[in-house]
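Numbering (the working numbering), first residue to last: 1 to 71. C-beta atoms are modelled at their ideal positions from N, C-alpha and C, and glycine is treated no differently. In this text, all values refer to a predicted model and were calculated from it rather than measured experimentally. These notes concern the structure reproduced below.
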Amino acid sequence: MVLLSNVLHDWDITDCDTIVRRSADAVNPGGEVLIRDVLLDDELDGPLPIALYSVSLFSLIEGQAYSAKEY
């Protein structure tokens, strides 16, 4: 099992894809990759505190909050 806890929002979506794929490749067959992170809703407009957090992430680093669909 690989746990990615509060790390993916620090990266752009291309890097997130790489991190998740490499994590999946690293687990044994039948293993799991668990993602624990702040999530936007599928419309990418809320909840408001997460949307505001995403804006600050984007302005400080190349990351942002994503929806579960985007992972």
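- Between the C-alpha atoms of residue 45 and residue 29 there is a straight-line separation of about 36 Å.
- With contacts defined as CB atoms closer than 8 Å, residue 33 and residue 23 qualify as a contacting pair.
- When secondary structure is reduced to three states using DSSP, residue 33 falls in the strand class.
- The beta carbon of residue 67 lies closer than 7 Å to those of 39, 40, 41, 42 and 44 in the same chain, with the five residues before and after it left out.
- Residue 3 sits in a strand when the DSSP states are folded into three classes.
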